[in-house]
Amino acid sequence: MIFDAHRGEFYALFAALLWVFGAMLFEFLGKKNGATTVNFLRLLLGFIFLSIFTFFSRGFLLPLDADLHSWLWLLLSGIVGFAIGDLFLFKSLVMLGARISMLIMTLAPPIAAIFGWLILGETLSPYQFIGMVVTLFGIAVVILQKEDKNSGNITK
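In the numbering used here, the protein residues as written are 9 to 164.
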């Protein structure tokens, strides 16, 4: 069956579809209620649901059996990724819209490649480097175009 042979691709496409839906939803909610409010409520609801899940799956509301080192990394990850990173994302969704914000987020792989080169000494093959340049060029073309607010047409 085709679905079984391409299950991973289907899941990746479905995840991308959900990311688009989520971005559009958070853009709408952020414009209506403010990015900070939306992010706070999302974090609060996430904490509540994750605590309930953890309680039923492990018997704790919080991972009380984790050591201090794990707690520090968990706290740092939550502050940087969820609190600060998502706040910037929601602000960009309100200010730029979902289309441009999600397009800029596609810069994550090239940025990771650059940091991998700088920090870890990783190298890129010529094909990988060309792919990164093409991606950056495509993003620049879209971002540098201006949209006519009256007609919805995109101009250079």
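By construction, the Cβ of each residue, glycine as well, lies at the ideal position given by its N, Cα and C atoms.
Bear in mind that the values here come from a model prediction, so they are computed numbers and not experimental data.
Any non-hydrogen atom of the ligand ADP closer than 7 Å to residue i Cβ
| i | result |
| --- | --- |
| residue 85 | In the structure shown, the ligand ADP is absent, as is every other ligand, since no ligand is present at all. |
Proximity winner among the options, relative to residue i (alpha-carbon distances)
| i | options | result |
| --- | --- | --- |
| residue 51 | 146, 141, 110 and 98 | 98 |
| residue 102 | 13, 47, 23 and 130 | 47 |
| residue 112 | 143, 95, 127 and 85 | 143 |
| residue 127 | 85, 119 and 65 | 119 |
Alpha-carbon to alpha-carbon, residue j and residue i
| i | j | result |
| --- | --- | --- |
| residue 20 | residue 75 | 34 Å |
| residue 18 | residue 31 | 20 Å |
| residue 153 | residue 73 | 52 Å |
| residue 136 | residue 67 | 46 Å |
| residue 62 | residue 69 | 6 Å |
| residue 96 | residue 44 | 9 Å |
| residue 129 | residue 40 | 45 Å |
| residue 80 | residue 150 | 40 Å |
| residue 26 | residue 139 | 25 Å |
| residue 64 | residue 57 | 11 Å |
| residue 22 | residue 29 | 11 Å |
| residue 124 | residue 117 | 10 Å |
| residue 145 | residue 11 | 34 Å |
| residue 15 | residue 55 | 30 Å |
| residue 110 | residue 133 | 27 Å |
| residue 121 | residue 131 | 8 Å |
| residue 89 | residue 53 | 16 Å |
Inter-residue CB distance, residue i and residue j (contact presumed, cutoff 8 Å)
| i | j | result |
| --- | --- | --- |
| residue 115 | residue 92 | No, residue 115 and residue 92 are not in contact; Cβ-Cβ is about 18 Å, not under 8 Å. |
Enclosing alpha helix (DSSP H) for residue i [first to last residue]
| i | result |
| --- | --- |
| residue 21 | 15-41 |
| residue 102 | 94-104 |
| residue 71 | First-last for residue 71: undefined, no H or E at that position. |
| residue 122 | 116-128 |
| residue 145 | 134-152 |
Practice task
Inspect the CB distances between the segment 36-44 and the segment 101-110 and report whether three or more fall short of 8 Å.
Solution key: With the cut-off at 8 Å, the segment 36-44 and the segment 101-110 touch.
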